[in-house]
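All residue numbers for the sequence shown refer to the UniProt record's numbering, where the first residue is 1 and numbers rise by one.
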Amino acid sequence: MSEMIVWSDLPGDLLDHIANGLFSKVELLRFRSICKTCRSAVATNKSFLDHLKRNRRRLLSPYSTGKTCSLSPAAFYRVVLSSYPDKGWLMKIQDVYVSSQKQLLSPLSRFSIKSSGQTLDLLDFTVTEMHQSYDVEYLYNSTRTSFNFARVVLLEDLVFVVDYDKKIWWCNSNESDNHWARVMDEEVKLFSDIVFHKGYMYALDLKGAVWWISLSEFEIFQYGPSTPLDYYDIDTCKDKRFVEYCGDLCIVHRFCRKFRLKRVDIDITVGFKVYKMDEELVEYVEVKSLGDKAFVMATDSCFSVLAREYYGCLENSIYFTDEEERNNVKVFKLSDGSITKMVDSSFQSCFQMLIPPLV
């Protein structure tokens, strides 16, 4: 049996490499608390903040606007009471460790929410990073403004985005002239989502077909068949997204209908369908149940959580918002197809996981 290696005996170069990959101040505190050698790898909070600022990734605008942009990271955290770690809340924070002020976000969007001003005492709470998401921002009239891209994926120095026109762009953030280039096929040029999964970059086109993006040539190739779509669903399926679920890459279809609100017709979600690849049949089959999992369909990222680890979280369900109602979180139950709105529910409800004690 091999001898266990003590953290303090790890090579300094390896510790430096780990330290340079830290994403948040929470990770910093944990890293520095391991041992004296780890503390010396990141000597001060100031040096770490300088490191984060360098990693903010200055970019040129994907469009011919002349604007200088930057990659804006956000992180999803599971926050639990240290005295009761079985259940917790889902929190989302943007740029909290780059600027001097914390920015608490609505978990399902990038809208800021007002905090109560309380601090998070890490002696009372345990904070675990669950997922990362990114956006691209530019400076407009001294205010940071988001492009509100459908998806942004960071892969080392490579940045991939799906913009609001359903086009995929990429650039190398490590190059001084980091110009953006399109990723597209001669026949298929529009896509709804991208994801890096098990070492490969995939794209999802508007018809539900999965494509593979070569990270050496930046060409795109169809990877598999399209997800099934009944003829009567074609006009109502307004969005398609990737979600990683139990090691599989699932595709989620969102169905909408037109409703009139304040004399304007808007799309309101009426249901979802989830599909995954059947390796034997080589086709996508519908997933009727998510088991003990729930999907979180944020505007900038989609992922699954174990329902029993969060207060009030419903298993076999999908948490989401609509474009025109992003402050109103909703939950779709796959078991019966019903949708519950947060504004119609009490505090002690299936939305409790989105209302942490600091709000």
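Where is the CB? At the ideal position from N, CA and C, for every residue including glycine. Just so it is clear, the structure is predicted and the values come from calculations on it, not from any experiment.
In the structure shown, the three-state DSSP call for Leu281 is coil. For His197, the beta-bridge partners assigned by DSSP are Tyr200. DSSP links Tyr319 through a beta bridge to Val296, Val331. Only buried fits Asp193, as 16 or more other CB atoms lie within 10 angstroms of its CB. According to DSSP, Ala209 shares a beta bridge with Ser226.
DSSP places Gly88 inside the beta strand (DSSP E), whose first and last residues are 84-94.
C-alpha of Glu323 to C-alpha of Tyr140: approximately 23 Å in a straight line.
Judged by their CB atoms, Met342 and Lys333 are not nearer to each other than the 9 Å cut-off. Just so you know, the alpha carbons of Tyr284 and Val6 end up roughly 47 Å apart. For Gln103, the enclosing beta strand (DSSP E) stretches over residues 103-105.
When DSSP states are grouped into helix, strand and coil, Arg308 belongs to the helix group.
When the Cα atoms are used, Gly208 and Ser349 turn out to be separated by approximately 34 Å.
Looking at Gly247, Val264, Trp169, Glu187, the one whose alpha-carbon comes closest to that of Leu215 is Trp169. DSSP lists Leu158 as the beta-bridge partner residues of Asn172. Residue nearest to Asn328 within the set Ser72, Leu108, Leu90, Cys69 is Leu108 (criterion: CA-CA distance). For Ser70 against Glu137, the beta-carbon gap comes to about 6 Å, under 8 Å, which counts as contact. When Phe320, His253, Ala298 are compared, the shortest CA-CA separation from Asp135 is found for Ala298.
The Cβ neighbour count for Arg260, taken over all protein chains shown within 10 Å, is under 16; the residue is labelled exposed. Straight-line measurement puts the Cα of Leu281 at about 39 Å from the Cα of Asp86.
Taken through DSSP and simplified to helix, strand or coil, Thr126 comes out as strand.
Of the candidates Asp265, Ile339, Asp248, Val264, the residue whose Cα lies closest to the Cα of Phe272 is Ile339. His17 counts as exposed, since fewer than 16 other beta carbons sit within 10 angstroms of its beta carbon. In this structure Phe242 touches Cys302 by the C-beta definition: roughly 7 Å separates them, less than 8 Å. In the structure shown, Ile268 falls within a strand segment according to DSSP collapsed to helix, strand and coil. Rounded to whole angstroms, Ile266 and Leu206 show a C-alpha spacing of 20 Å. Membership of Phe242 in the beta strand (DSSP E) is indicated by the continuous run 237-245.
The alpha-carbon separation between Thr321 and Arg58 amounts to approximately 30 Å.
Each residue's CA atom was taken as its position, placing Leu154 and Glu279 some 29 Å apart. Residue pairing by DSSP puts Ser133 in a beta bridge opposite Ala74.
In the DSSP assignment, Phe255 falls within the unbroken beta strand (DSSP E) covering 248-261.
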